[in-house]
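Note that this note's numbering gives residue 28 to position 28 of the sequence shown, counting from 1, and the numbers run on in steps of one.
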Amino acid sequence: MSELIHLSGFQLLPVVELEPGTFATVERESPQGSGEYVPDDWQTYWELSLADSGITDLSPIRTGSWFVATSEFEESQLEQYLRVTFDEWGGISSLNDPDSRPVLNGGLALLSNQKDILVEPTCCSDLGDIENWKAAASYEGKNWEMLWIGHPWLSVKFQKIWLLLSDLHESEDPIARWAVKPKELQDAIDVAEVELNRFSKQVAGILTGLEFEGDAASISLHLAGLQK
Numbered sequence: 001m002s003e004l005i006h007l008s009g010f011q012l013l014p015v016v017e018l019e020p021g022t023f024a025t026v027e028r029e030s031p032q033g034s035g036e037y038v039p040d041d042w043q044t045y046w047e048l049s050l051a052d053s054g055i056t057d058l059s060p061i062r063t064g065s066w067f068v069a070t071s072e073f074e075e076s077q078l079e080q081y082l083r084v085t086f087d088e089w090g091g092i093s094s095l096n097d098p099d100s101r102p103v104l105n106g107g108l109a110l111l112s113n114q115k116d117i118l119v120e121p122t123c124c125s126d127l128g129d130i131e132n133w134k135a136a137a138s139y140e141g142k143n144w145e146m147l148w149i150g151h152p153w154l155s156v157k158f159q160k161i162w163l164l165l166s167d168l169h170e171s172e173d174p175i176a177r178w179a180v181k182p183k184e185l186q187d188a189i190d191v192a193e194v195e196l197n198r199f200s201k202q203v204a205g206i207l208t209g210l211e212f213e214g215d216a217a218s219i220s221l222h223l224a225g226l227q228k
């Protein structure tokens, strides 16, 4: 059983996912082995795939990851990322479809006070998962409750003054991995929300530059996971 680790000074970092297949225009063989074992190979594959769509000099949160901090983007990089993403969704005009208001893929990565990555978002996550972290911060139940960050996911439960976070799992038997104080978790969420608001304004400026015919500010808040 893993030792329970008490966290302080941690960070929740807003990140978006740039899946290489979305950006690649040239067919190339993917690395043999997972990113855990051949991270440098996956890093090269990812960089080449993004370069196909004109995105260069962008750094993921760790070597071999597909997640990039929202604060990392230069204006031109973000514009090209959004262009490709909107094309994948059916064009920029699709953002006005009331039945299809997608949120950017990504979420919040949990970093230690030494900036080590403890948890990344997983499959099928998006920036709107900040709401799940908010619910977790206020949870006071003694039984495990899902904290959706994609699948596999985390679970949380309250124990004395601590909020326990499980390891990633998809089973019914979560294993406690980290302990945080709810107030510190809420503080980290607040900081992440400030960054997402800044990011949404950056996105809104790009939408305006792309001559988006709609409420750029409102749509950008939705894309950043801050508005349903």
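C-beta: ideal position from N, C-alpha, C; glycine also. These numbers come from a predicted model, not from an experiment.
When secondary structure is reduced to three states using DSSP, A24 falls in the coil class, being assigned neither helix nor strand.
A straight line joining the alpha-carbon of S200 with that of G128 spans about 12 Å.
Here A176 carries a strand assignment [DSSP, helix/strand/coil].
Between P121 and I161, the C-beta spacing is not below 8 Å. Closest in C-alpha terms to L50, from the list P152, T25 and S112, comes T25. The three-state secondary structure of F73, taken from DSSP, is coil. Note on H151: under 16 other CB atoms within 10 angstroms of its CB, so exposed under the neighbour-count rule. Counting along the chain, I92 sits inside no alpha helix (DSSP H), nor does DSSP assign it H or E at all. About 6 Å separates the Cβ atoms of A109 and I61, confirming a contact at the 8 Å cut-off. When the Cα atoms are used, A179 and G106 turn out to be separated by approximately 24 Å. Note on E193: 16 or more other CB atoms within 10 angstroms of its CB, so buried under the neighbour-count rule. The criterion of a C-beta distance shorter than 8 Å is not satisfied by V119 and A136.
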